[in-house]
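Peer 1: Quick note: the sequence shown uses the numbering used here, first residue 60, plus one each step.
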Amino acid sequence: MPLFVGGTGLYLRGILRGVFDGPPADWTIRERLEADAAKKPGKGMAARAARKKSTRTPRLDSMPTTPVDWCGALEVFELTGQPLSAQQAEGPADNDVRPQQVTWLSPPREWLYERINRRVDHMLADGLVEEVRGLLDSEPPPGRTARQALGYKEIIDHLEGRASLEEAVDTIKRHTRRFARKQTTWFRNLEECREMEIHGTESPGELVERLAAG
């Protein structure tokens with residue numbers, strides 16, 4: 060029985076539906092689009108992307124639309140001259156051998172949040188601050204994407220004097236809980252996902268029995 064643990068809803072969708080080979084990032088275009096997004100938030104960027112027919116369709120992307128989504132769609136359009144939705148719709152050639160259904164284990168939110176908070180505390184105890192400090196001192200230095208990673212971004216803010224360690228830890232926990240809520244939205248909107256509510260106290264054997272029973 061294959062298991063999918065962690066990651067994002069986007070990763071799971073990629074396993075289920077495949078991922079098209081998009082163009083490499085162009086940071087000159089990206090920075091210009093991000094600057095435009097700051098001036099024209101929300102509906103302004105949405106309208107611009109819609110005019111270029113580069114929006115992601117609900118079937119292909121069930122997450123709520125964000126400025127990052129619009130910037131990505133417009134960047135792909137500028138680089139390729141083709142709408143992102145059209146490229147996604149083509150999909151890879153091996154979709155017929157991909158899983159058709161997955162079962163999503165859905166624990167109580169209180170249990171999940173407690174586990175998230177505990178996990179962040181363990182990460183700090185295991186040397187997260189030292190890990191990020193070493194990353195900042197490395198050559199070459201971390202790129203933009205690495206600096207924005209959940210957990211790294213908040214500790215970088217602490218190391219660069221923008222937040223106390225306590226504030227950084229609280230922010231990691233809050234952002235991780237928000238990320239978990241977004242994961243829930245992804246899973247609920249993927250038609251291949253079937254939700255199975257659990258208590259969080261079951262043994263692996265008990266869960267396997269329930270899954271096998273359908």
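Here a beta-carbon is modelled for each residue, glycine too, at the ideal position from N, C-alpha and C.
(1) Leaving out five residues before and five after C130 in sequence, what residues of the same chain have Cβ atoms less than 7 Å from its Cβ?
(2) Which residues does DSSP list as the beta-bridge partners of E256?
(3) If you reduce the DSSP assignment to three classes, tell me which class L209 lands in.
(4) Closest to E190 by CA distance: which of Q141, N176 and A205 is it?
(5) By DSSP, does F246 sit in helix, in strand, or in coil?
(6) To the nearest angstrom, how far is it from the Cα of P166 to the Cα of G259?
(7) Quick one: what does DSSP say F136 is sitting in, helix, strand or coil?
(8) Measure the Cβ-Cβ separation of L209 and T243 and say whether it is below 8 Å.
(9) Can you tell me the Cα-Cα spacing of E219 and I231, whole angstroms?
(10) How many angstroms separate the CA atom of P263 from the CA atom of L69?
(11) Between which residues of its own chain and M182 is the CB-CB distance below 6 Å, once the five residues before and five after are set aside?
(12) Out of N176, I214, T87 and G65, which has the shortest C-alpha to C-alpha gap to L187?
(13) Compute the beta-carbon to beta-carbon distance between W163 and R253, rounded to the nearest angstrom, for a pair I have assumed lies under 8 Å.
(14) Return the first residue and the last residue of the alpha helix (DSSP H) that V267 is part of.
Peer 2: Let me spell this out:
(1) R89, L92, E93 and A96
(2) S165
(3) coil
(4) A205
(5) helix
(6) 6 Å
(7) helix
(8) no
(9) 16 Å
(10) 26 Å
(11) none
(12) I214
(13) 7 Å
(14) P263 to A272
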